[in-house]
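See below for the structure under consideration.
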Amino acid sequence: MDFSIDNNDIFNYINNEQEDEINLGISYLKLGHYVDSLDQFNFILDINSNDLTILILRGITYSKLEKYENALLDANRSLEIEPTSPSSFILRGEMYFMLGKFNEALIDFNKALEINPNNAYVLILSGEIYLKLQLYGKALQCFKIASKFDHSNTELLVHSNNAL
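full-length UniProt numbering puts the first residue of the sequence shown at 1, with every later residue one more than the last.
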């Protein structure tokens with residue numbers, strides 16, 4: 001499982017004095033230049049350590065570098081700043097997933113779904129966890145709901161077959 005920056009809406013909230021640095025960090029992240037991306041986000045956080053968007057982006061970068069504990073710290077810090085941030089719950093849930101803490105991951109994914117119940121990405125992640133826990137009925141339910149919002153995702157068909 002790999003946290004997808006394309007599946008997050010945090011980029012809609014960039015309106016910041018450090019916009020050039022942020023855009024450069026995002027560009028590095030999308031190009032796979034994770035160390036450079038991390039440097040950019042660290043630079044911005046040195047100026048403003050409470051920047052929610054940058055904490056999440058740095059957490060995503062840490063996850064790409066497989067530094068899941070660091071990403072988890074950023075997710076926790078971002079939730080201290082904004083306790084209802086769906087992107088923070090998703091990031092933390094994915095890090096719990098990567099660390100094998102499936103119940104904790106489900107708790108965070110469910111919190112993200114309380115905020116946005118139409119998030120197909122989170123529904124798919126939840127379904128994947130239910131598959132790992134051999135809770136096939138719950139997995140199938142997640143995949144069915146996700147398919148209502150993401151008709152073009154062929155991966156959902158594979159997951160649904162695995163749940164049957």
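Ideal Cβ positions, reconstructed from N, Cα and C, are used throughout, including at glycine.
Which residue comes first and which comes last in the alpha helix (DSSP H) that contains Ser37?
Counting from 1 along the sequence shown, the entry for residue 37 is found at position 37. Counting along the chain, the alpha helix (DSSP H) containing Ser37 begins and ends at Tyr34 to Ile47.
From Phe43 to Ser27, what does the alpha carbon distance come to, in whole angstroms?
By one-based count along the sequence shown, residue 43 stands at place 43. By one-based count along the sequence shown, residue 27 stands at place 27. So the alpha carbons of these two residues sit roughly 15 Å apart.
Chain-order list of residues whose beta-carbon lies under 6 Å from that of Ile54 (same chain, five-residue window excluded):
On the sequence shown, position 54 is the one that residue 54 refers to. Taken in chain order, the residues that qualify are Phe41, Ile44 and Leu45.
Just to check my reading of the structure: Tyr96 and Thr61 have Cβ atoms closer than 8 Å, yes? What is that Cβ distance to the nearest angstrom?
On the sequence shown, position 96 is the one that residue 96 refers to. On the sequence shown, position 61 is the one that residue 61 refers to. Between Thr61 and Tyr96 the Cβ distance is about 18 Å, and since that is not below 8 Å, they are no contact.
Assuming Phe149 and Asn110 make a contact with CB atoms under 8 Å, what is their CB distance in whole Å?
The sequence position of residue 149 within the sequence shown is 149, counting from 1. The sequence position of residue 110 within the sequence shown is 110, counting from 1. Actually they are not in contact, since the Cβ atoms of Phe149 and Asn110 sit about 17 Å apart, beyond 8 Å.
Less than 8 Å between C-beta atoms, sequence neighbours within five positions excluded: which residues of the same chain meet that for Ile115?
The residue labelled residue 115 in the question sits at position 115 within the sequence shown. Answer for Ile115: Thr84, Pro86 and Phe89, listed in chain order.
By Cβ distance below 6 Å, which residues in the same chain neighbour Gln141 in space, the five residues on each side in sequence not counted?
For the purposes of this step, residue 141 is taken as the residue at position 141 of the sequence shown. If we look at Gln141 and ignore the five residues flanking it on each side, it has no Cβ neighbours.
Thinking C-alpha only, which one of Ile47, Ser49 and Leu65 is nearest Ser37?
Locating residue 37 in the sequence shown gives position 37, counting from the first residue. Ranking the options by Cα distance to Ser37, first place goes to Leu65.
Is it right to say Leu31 is buried, meaning 16 or more other beta carbons lie within 10 angstroms of its own, or is it exposed?
Counting from one through the sequence shown, the residue named residue 31 turns up at place 31. Under this definition Leu31 is an exposed residue.
What do you reckon, are the CB atoms on Ser58 and Asp74 nearer than 8 Å?
To locate residue 58, count along the sequence shown from 1; it is residue 58. To locate residue 74, count along the sequence shown from 1; it is residue 74. Sequence inspection shows Arg at residue 58; the Ser mentioned does not correspond to that position. Against a cut-off of 8 Å, the Cβ pair of Asp74 and Arg58 comes out as a contact.
Can you check whether the CB of Leu125 is closer than 8 Å to the CB of Ile145?
In the sequence shown, residue 145 corresponds to position 145, counting from 1. In the sequence shown, residue 125 corresponds to position 125, counting from 1. Result no, Cβ atoms of Ile145 and Leu125 do not sit closer than 8 Å.
Apart from the five residues on each side of it in sequence, which residues of its chain come closer than 8 Å, Cβ to Cβ, to Leu79?
The count along the sequence shown starts at 1 and reaches residue 79 at position 79. Residues Ser85, Ser88, Phe89 and Arg92 of the same chain have their beta carbon placed closer than 8 Å to that of Leu79, with the five preceding and five following residues left out of the count.
Alpha carbon to alpha carbon, how far is Phe143 from Gly127?
Within the sequence shown, numbered from 1, the residue matching residue 143 stands at position 143. Within the sequence shown, numbered from 1, the residue matching residue 127 stands at position 127. Taken atom to atom, the span from the alpha-carbon of Phe143 to that of Gly127 is near 6 Å.
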